[in-house]
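**Student:**
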Amino acid sequence: MKTTHSRGLFITVEGIDGAGKSTQFAALVQALRARGRDVVATREPGGTPLGETLRELLLGQPMSISTEALLVFAARQEHVLTLIEPALLRGQDVVCDRFTDATLAYQGAGKGIPRDRLQALADWVHPGLEPDLTLLLDLPAEVAAQRMRLQQREPDRFERESVGFFERVRQRYLELAAEQPARWCVVDASQTPEEVWESMRNHLSQFL
Ligand code: TMP
């Protein structure tokens, strides 16, 4: 007898570098699992062996802006085909640290690639696939930059961008959220980690 599953939820977390995404992402995955949900936690760029190799290149290797956008989508294609879609079809939830909205924000607003060009790639790589819920950790780029200055490790190629770059990225995220308020949930990430998680937990409860 064939077993049919209902499709799992596709949840993404977005925000500029320094927004505290890693901590909140881990808390989100843990909270969903505590509710008994079967969660696949993954990230972009990355999530597959090829994607992780491309991630290393993207974060470390100088390259043209268009090469960067194409590599991001190449990694995404592999991720969607081999991990995201199969998991959703099995009925698992996929919680992804960044997805195509990051490309619209970083390569689009940050680096100036026209939105329709990026959208055409998105339509090719994942037709019909869009997150069910996107949690945006929002804070001013200047505050994020102060936080990043406190980090002990060397900044990667993206983290070395200017405050102006991150403010453009932030504003594009906010525009995307305003365009689709039913999908997006904007969380004030300038609060303490505990307060941020409390807001995220409340939104999650309403969504589930
Ligand atoms: P992370 O530090 O949040 O894991 O993300 C790695 C970097 O990759 C981050 O600076 C944002 C950048 N990025 C893009 O520029 N475009 C994309 O589409 C994605 C997924 C990430």
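Each residue of the sequence shown is one higher than the one before, counting from 683 in my numbering.
Glycine included, each C-beta is placed from N, C-alpha and C at the ideal position.
May I ask you to list the residues that DSSP assigns as paired with Thr-730?
**Tutor:** Mapped onto the sequence shown, residue 730 falls at position 48. According to DSSP, Thr-730 bridges with nothing at all.
**Student:** For Gln-813, count neighbouring Cβ atoms within 10 angstroms of its own Cβ and tell me buried if that reaches 16, exposed if not.
**Tutor:** In the sequence shown, residue 813 corresponds to position 131, counting from 1. First, the residue type needs correcting, since residue 813 is Pro and not Gln in the sequence shown. The residue in question, Pro-813, is buried, as its Cβ has 16 or more Cβ neighbours within 10 Å.
**Student:** Ligand 1 and Ala-784: does any heavy atom of the ligand fall closer than 7 Å to the residue's C-beta?
**Tutor:** Numbered from its first residue, the sequence shown carries residue 784 at position 102. For ligand 1, at least one heavy atom lies less than 7 Å from the Cβ of Ala-784.
**Student:** Are Ala-871 and Gly-702 closer than 8 Å when you measure CB to CB?
**Tutor:** In the sequence shown, residue 871 corresponds to position 189, counting from 1. In the sequence shown, residue 702 corresponds to position 20, counting from 1. Yes, the Cβ-Cβ distance between Ala-871 and Gly-702 is below 8 Å.
**Student:** From Val-711 to Leu-886, what distance separates their C-alpha atoms?
**Tutor:** Against the sequence shown, residue 711 aligns to sequence position 29. Against the sequence shown, residue 886 aligns to sequence position 204. Each residue's Cα considered, the two are about 11 Å apart.
**Student:** CA-CA distance, Pro-809 and Phe-889?
**Tutor:** One-based indexing of the sequence shown puts residue 809 at position 127. One-based indexing of the sequence shown puts residue 889 at position 207. Going from the Cα of Pro-809 to the Cα of Phe-889 covers about 24 Å.
**Student:** Does the Cβ-Cβ distance between Ala-757 and Leu-786 come in under 8 Å?
**Tutor:** By 1-based counting over the sequence shown, the position of residue 757 is 75. By 1-based counting over the sequence shown, the position of residue 786 is 104. No, they are not a contact pair.
**Student:** Examine the Cβ distances between the segment 829-846 and the segment 710-726 and report whether three or more of them are shorter than 8 Å.
**Tutor:** No: fewer than three Cβ pairs fall under 8 Å.
**Student:** Give a single yes or no on whether Tyr-855 has its beta carbon closer than 7 Å to a heavy atom of ligand 1.
**Tutor:** Mapped onto the sequence shown, residue 855 falls at position 173. Not so, every heavy atom of ligand 1 lies at least 7 Å from the Cβ.
**Student:** Which full runs of the alpha helix (DSSP H) of 4+ residues lie inside the segment 804-862, going along the chain?
**Tutor:** Those alpha helix (DSSP H) runs which fall completely within the segment 804-862 and span 4+ residues are 823-831, 845-861.
**Student:** Going by the DSSP bridge assignment, what does Glu-696 pair with across the sheet?
**Tutor:** Numbered from its first residue, the sequence shown carries residue 696 at position 14. Beta-bridge pairing links Glu-696 to Leu-818.
**Student:** I'd like the list of long-range same chain contacts for Ala-709, defined as Cβ closer than 7 Å, with 5 residues on each side in sequence excluded.
**Tutor:** Here the question's residue 709 lines up with position 27 in the sequence shown. Closer than 7 Å at the Cβ level, and outside the excluded window around Ala-709, lie Trp-879.
**Student:** Let me know the secondary structure DSSP gives Thr-735 once reduced to three states.
**Tutor:** Mapped onto the sequence shown, residue 735 falls at position 53. Here Thr-735 sits in helix by DSSP.
**Student:** Under 8 Å between the Cβ atoms of Arg-780 and Thr-694?
**Tutor:** To locate residue 780, count along the sequence shown from 1; it is residue 98. To locate residue 694, count along the sequence shown from 1; it is residue 12. Cβ distance < 8 Å, so Arg-780 and Thr-694 count as in contact.
**Student:** Out of Ser-688, Gly-700, Leu-771, point me to the one whose CA is closest to Leu-818's CA.
**Tutor:** Here residue 818 refers to the residue found at position 136 when the sequence shown is read from its first residue. Nearest of Ser-688, Gly-700, Leu-771 to Leu-818, Cα basis: Gly-700.
**Student:** Check Ala-723 in the structure and name its three-state DSSP category.
**Tutor:** Counting from one through the sequence shown, the residue named residue 723 turns up at place 41. Looking at Ala-723 - three-state DSSP - the assignment turns out to be strand.
**Student:** Measuring CA to CA, which of Val-868, Leu-832, Arg-835, Asp-820 is closest to Glu-849?
**Tutor:** Here residue 849 is taken as the residue at index 167 of the sequence shown, counted from 1. Closest option to Glu-849, Cα to Cα, is Asp-820.
**Student:** Using beta-carbon positions only, say whether Pro-727 and Val-754 come within less than 8 Å of one another.
**Tutor:** Here residue 727 refers to the residue found at position 45 of the sequence shown. Here residue 754 refers to the residue found at position 72 of the sequence shown. In this structure, Val-754 lies closer than 8 Å to Pro-727 by Cβ.
**Student:** Is Asp-779 near ligand 1 - that is, is its Cβ less than 7 Å away from at least one heavy atom of it?
**Tutor:** The residue labelled residue 779 in the question sits at position 97 within the sequence shown. Within the cutoff, so yes.
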